[in-house]
């Protein structure tokens, strides 16, 4: 089964509240799978999180889960410190999961919705 996420950039508080209320109602009805959403308040917040190098890292990690940040850095041929920083930022954003089995980027598709 495909696991997708929608990234929302900008938009109003009412739009965010509507998504939260919709998720709440679905959960009350037993639909816990639902859609996954992340909201960035502005383009600057998104663009400082999703750099070209971090997108490359996400794509690589999606295809090749790693046991550690050090293993990921070696696989990418990048400096450990920079990769660690990227993993921390993407993890805080909810795009990378780190658990006892290692690092994962489990989303098959990331859709971006930009409010004008």
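Residue numbers (the numbering used here): -16 to 99.
Think of the CB as a built atom: it goes at the ideal place given N, C-alpha and C, for glycine as much as any other residue.
For clarity, every value in this text was computed on a predicted model and none was experimentally measured.
Hey, out of 38, -8, 45, whose CA is closest to residue 91's CA?
-> Closest by alpha carbon: 45.
Taking the alpha-carbon positions, what's the residue 25 to residue 57 distance?
-> When rounded, the distance between both Cα atoms is 33 angstroms.
Residue 31: which of 63, -8, 88, 48 sits nearest, CA to CA?
-> Comparing Cα positions, the closest option is -8.
If we ignore side chains and look at the alpha-carbon of each, how far apart do residue 0 and residue 7 end up?
-> Distance between the alpha carbons of residue 0 and residue 7 is about 10 angstroms.
Test item: CB-CB of residue 22 and residue 42 under 9 angstroms | Using a Cβ distance threshold of 9 angstroms, residue 22 and residue 42 do not count as a contacting pair.
State the start and end residues of the unbroken beta strand (DSSP E) segment that holds residue 96.
-> Secondary structure note for residue 96: its beta strand (DSSP E) is the uninterrupted segment 92 to 97.
Does the beta-carbon of residue 12 have 16 or more other beta-carbons within 10 angstroms, so that it is buried, or is it exposed?
-> Answer is exposed; the Cβ neighbour count stays below 16.
Residues near residue 39 in its chain [Cβ-Cβ closer than 6 angstroms; skip 5 each side] | Excluding positions up to five away in sequence, the list is empty.
Between residue -6 and the rest of its own chain, which residues show a CB-CB distance below 6 angstroms, the 5 nearest in sequence each way excluded?
-> Around residue -6: 98.
With distances taken from CA atoms, which of -4, 72, 27, 28 is nearest residue 52?
-> Closest by alpha carbon: 72.
Segment limits, alpha helix (DSSP H) that includes residue 68 | Counting along the chain, the alpha helix (DSSP H) containing residue 68 begins and ends at 63 to 75.
Express the C-alpha separation of residue 66 and residue 55 in angstroms, rounding to a whole number.
-> The straight-line gap from Cα to Cα measures roughly 8 angstroms.
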